[in-house]
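Residue numbers (mature numbering (1 follows the signal peptide of the UniProt record, and there is no 0)): -16 to -1, 1 to 468. One structure is given below, encoded as structure tokens.
This is the structure in structure tokens:
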């Protein structure tokens, strides 16, 4: 049994899928179940753009005995500027929402307001898909008959798969990804009707948290994605990242309570979770991710850790970028503008013939009693900063801005200074270790964008001093642990 267990772990570690392999997820999103349709239900004209609302049915998911959500429908918002400069490309933002509600307007929804600004700035079509995942859902075999949403619903489907791994289609990431694929189809069909001069066949996809996961997977299954920017979803190479999560905190962040309540943590190292992640972990599909990627993360995220990238970023194909936001937690309140400016520049850059995205690289490491990051770029960043913070203690490697049970503010505050320009195209930051705390350090680089008034903001990965973990690996049922 021990040999079999190790074989499963090894298989999960090296498992990677190129386009020549058809996976269960590929088959699921391609299958025509006859449900897909859309209808325009509202149109709102503004001075420089028009907001269209589509009611889109994406699929039939399983059957009525599985859940009360066999039919998945969504509001698909399509923002069309009066002047279109990019007629073959679009942005799709994947968002949440709940069934049984009216579709929002540009004036009463913060994301639609932001996306309407982006559509005018880039002079391109921008869309927002709602109800990902479709929710709430009551599952037929749920003894609680509870209306489950968000992580609660995802975790429930994970538990069902762990108990009976014969059907990966019950994993909530499957229908969520299919819905996003169908949204691309609907955008293409609808925009051709309302603006015949368009021929959309390329998409920049993005979304936050659970929707960030679907942004990753959409790029894994659909070649129309020519750029991606998953936001606050760094649980890539999932099992290894969760092992490091334990070693950093000695338990599980309070934000993971829905997965904890379904005993997912207890089964972290099990072969069935390894098999589950082959289906839904973007790391399994990394060979397919050749499009430009900006991985947006928060230094103070209560779900994930700022050093999650250490177990996946180097394995991703180029081009790839990090945008690790200091003094931000999972919701990114106060940091939206930083993401928006880079998204706009990325969209324009990848869709402008002949334009080359900025290139940068870095190395990071330890020194006696300290550490360093060295950033290199020959593309003339106009500003390079060194940014650092200290945790409150060294008993946990904990950079969260909110921590504990019950949750309380954990003031890990980041401070900026100019980076040292040590040679042409080379900048460096060095910090010393401090007694009784962990020190985090990153570097930021700003580049002029493809058009006037646009710019890119990228960062390095984080270097943590000392680069050690205060806890050993959890083993077996001991991985159940506690919330912290």
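We treat Cβ as the ideally placed atom computed from N, Cα and C, and that holds for glycine.
Could you have a look at residue i and say whether DSSP puts it in helix, strand or coil?
{"i": "residue 261", "result": "helix"}
{"i": "residue 340", "result": "coil"}
{"i": "residue 61", "result": "strand"}
{"i": "residue 211", "result": "strand"}
{"i": "residue 37", "result": "strand"}
{"i": "residue 134", "result": "helix"}
{"i": "residue 385", "result": "coil"}
{"i": "residue 116", "result": "coil"}
{"i": "residue 328", "result": "helix"}
{"i": "residue 143", "result": "helix"}
{"i": "residue 94", "result": "helix"}
{"i": "residue 54", "result": "coil"}
{"i": "residue 432", "result": "strand"}
{"i": "residue 439", "result": "strand"}
{"i": "residue 68", "result": "coil"}
{"i": "residue 402", "result": "strand"}
{"i": "residue 470", "result": "Absent from the model: residue 470. The displayed extent of the chain is -16 to 468, so no value can be given."}
{"i": "residue 369", "result": "strand"}
{"i": "residue 249", "result": "coil"}
{"i": "residue 298", "result": "helix"}
{"i": "residue 394", "result": "coil"}
{"i": "residue 273", "result": "coil"}
{"i": "residue 455", "result": "coil"}
Starting from the C-beta of residue i, find all residues in its chain whose C-beta is less than 8 Å away, skip the five residues before and the five after it, and write them out in chain order.
{"i": "residue 132", "result": "119, 120, 121, 122, 123, 126, 140"}
{"i": "residue 250", "result": "461, 463, 464"}
{"i": "residue 97", "result": "90, 91"}
{"i": "residue 353", "result": "416, 417"}
{"i": "residue 397", "result": "311, 373"}
{"i": "residue 172", "result": "184, 185"}
{"i": "residue 260", "result": "142, 145, 146, 149, 152, 155"}
Output needed for residue i: all residues of its chain with C-beta closer than 7 Å, excluding positions within five of it in sequence on either side, in chain order.
{"i": "residue 290", "result": "281, 283, 308, 383, 424, 446"}
{"i": "residue -1", "result": "268, 270, 271"}
{"i": "residue 469", "result": "Missing from the structure shown is residue 469; the chain here goes from -16 to 468 and no further."}
{"i": "residue 339", "result": "333, 434"}
{"i": "residue 345", "result": "360"}
{"i": "residue 380", "result": "232, 233, 234, 454"}
{"i": "residue 410", "result": "358, 360"}
Count the other C-beta atoms from every protein chain shown that fall within 10 angstroms of the C-beta of residue i, then say buried if there are 16 or more, exposed otherwise.
{"i": "residue 11", "result": "exposed"}
{"i": "residue 264", "result": "buried"}
{"i": "residue 312", "result": "buried"}
{"i": "residue 57", "result": "buried"}
{"i": "residue 25", "result": "exposed"}
{"i": "residue 422", "result": "buried"}
{"i": "residue 129", "result": "exposed"}
{"i": "residue 77", "result": "buried"}
{"i": "residue 436", "result": "exposed"}
{"i": "residue 400", "result": "exposed"}
{"i": "residue 246", "result": "buried"}
{"i": "residue 202", "result": "buried"}
Can you give the beta carbon distance from residue i to residue j, rounded, assuming they're within the 8 Å contact cut?
{"i": "residue 361", "j": "residue 343", "result": "6 Å"}
{"i": "residue 152", "j": "residue 107", "result": "About 41 Å; that fails the 8 Å criterion."}
{"i": "residue 135", "j": "residue 243", "result": "7 Å"}
{"i": "residue 19", "j": "residue 62", "result": "That belief does not hold up - the Cβ atoms of residue 19 and residue 62 are roughly 20 Å apart, past 8 Å."}
{"i": "residue 168", "j": "residue 206", "result": "6 Å"}
{"i": "residue 43", "j": "residue 17", "result": "6 Å"}
Excluding sequence positions up to five away, which residues of its chain have a Cβ less than 6 Å from the Cβ of residue i?
{"i": "residue 237", "result": "286"}
{"i": "residue 239", "result": "286, 287"}
Taking only beta-carbon positions, decide if residue i is within less than 8 Å of chain B.
{"i": "residue 334", "result": "Among the chains in the structure shown there is no chain B, since it carries only a single protein chain."}
Validate contact between the stretch 387 to 398 and the stretch 369 to 377 using beta carbons, cut 8 Å, 3 pairs: yes
Decide if the stretch 450 to 460 is in contact with the stretch 430 to 438; the criterion is three or more beta carbon pairs, one per stretch, under 8 Å apart. no
Across the stretch 212 to 223 and the stretch 137 to 155, are there enough close Cβ pairs to call them in contact, namely three or more that are closer than 8 Å? no
Are the stretch 298 to 307 and the stretch 29 to 39 in contact at 8 Å, needing three or more beta carbon pairs? no
Does the pairing of the stretch 161 to 172 with the stretch 83 to 95 give three or more beta-carbon distances under 8 Å? no
Are there three or more Cβ pairs, one per stretch, closer than 8 Å when the stretch 228 to 241 is compared with the stretch 172 to 189? Cβ pair count under 8 Å is below three, so no.
Decide yes or no for the touch test of the stretch 326 to 335 against the stretch 411 to 419: beta carbon pairs closer than 8 Å, at least 3 of them. no
Would the stretch 147 to 160 and the stretch 185 to 204 be scored as touching if the rule is three or more Cβ pairs under 8 Å? yes
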